[in-house]
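Some notes on the structure that comes next.
Numbering (full-length UniProt numbering), first residue to last: 1 to 288.
Have a look at this one:
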């Protein structure tokens, strides 16, 4: 059975409703009148901050002329969307945008990531995570640090199982050399990368852009970003732009295409799989 994220299920449900509304020419005002709801409530639901009751969804599906098989699919999506994802237990720590990203990440079929400054979160050791969360960037209380560490480790579970996430990562050499948490933590982190590549041979592709890469690597000066793709062909690729102080999830086609182009350009100047592992091992061996 395919892995289902409540966030992705709710997203697909609303995308299909909006698309069908446009296809049959039913405006939001007509929907609000038929469902006896306010414009504010409609806005809340369409922006993923609420969910239709079963009865209102049935009325809406008839109004928008969904076929019976599609109605069953939408009801199943509503049921899945009403579940609680693991990230719901951390709502006090993260803003709505970050929480939505975690839900999207949890339901993605594949993710392409670029990280120039630190090791990507899905590949970090617990000690490395703790060092990051204890840094001046976060200035969090010890109890909050522990919660953030647990949340990041929880995210890494998507690499396991029969429906494991397909993860492709491009890392700048600077991320390998920055001694987060000190030399021992960084050395163990680099060894961990090699172990991860070996363990997840079928679903993890790790590439490094060395300092002496051909052409310009100015693209690595941009914020960390991820491109998420999903099992359903109805769902578009989404992008997540990440900085030290905020993150932005975008469905905007132009922005996503620009990130896709940048990823492909960076991929062409990255080392191959084996060369990347050799460089990681070489740098780890030099840490004293």
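Virtual Cβ for every residue (Gly too), placed ideally from N, Cα, C.
Could you check where the alpha helix (DSSP H) with residue i kicks off and where it finishes?
i           : result
residue 176 : 173-177
residue 197 : 183-199
residue 256 : 253-269
How long is the line joining the alpha carbons of residue i and residue j, rounded to whole angstroms?
i           : j           : result
residue 84  : residue 91  : 12 angstroms
residue 69  : residue 186 : 53 angstroms
residue 24  : residue 266 : 42 angstroms
residue 109 : residue 67  : 27 angstroms
residue 113 : residue 14  : 27 angstroms
residue 283 : residue 254 : 38 angstroms
residue 257 : residue 226 : 12 angstroms
residue 167 : residue 246 : 23 angstroms
residue 200 : residue 159 : 8 angstroms
residue 291 : residue 123 : The chain is shown from 1 up to 288; residue 291 falls before or after that span and cannot be answered.
residue 46  : residue 259 : 26 angstroms
So, for residue i: in the same chain, excluding its five sequence neighbours on each side, which residues have a beta-carbon less than 7 angstroms away from its beta-carbon?
i           : result
residue 183 : 287 and 288
Going by DSSP, what residue range makes up the beta strand (DSSP E) through residue i?
i           : result
residue 241 : 238-242
residue 225 : 224-229
residue 205 : 204-209
residue 249 : 247-250
Of all Cβ atoms in chain B, is any one closer than 8 angstroms to the Cβ of residue i?
i         : result
residue 7 : In summary, chain B is missing from the structure at hand, where a single protein chain is found.
So, helix, strand or coil for residue i, using DSSP?
i           : result
residue 24  : helix
residue 156 : helix
residue 145 : helix
residue 119 : coil
residue 124 : coil
residue 84  : coil
residue 5   : coil
residue 214 : coil
residue 45  : helix
residue 167 : strand
residue 306 : An answer regarding residue 306 cannot be provided, because it is not within the stretch 1 to 288 covered by the chain.
Out of the options, which one is the CA nearest neighbour of residue i?
i           : options               : result
residue 210 : 260, 98 and 273       : 273
residue 154 : 191, 88, 97 and 131   : 88
residue 179 : 248, 190, 57 and 236  : 190
residue 177 : 6, 280 and 10         : 280
residue 188 : 237, 126, 135 and 151 : 126
Only counting the same chain, and skipping five residues up and downstream in sequence, which positions put a Cβ closer than 6 angstroms to that of residue i?
i           : result
residue 71  : 61
residue 120 : 113 and 169
By Cβ distance, which residues of its chain are closer than 8 angstroms to residue i, with the 5 residues on each side in sequence left out?
i           : result
residue 117 : 172, 174, 175, 178 and 224
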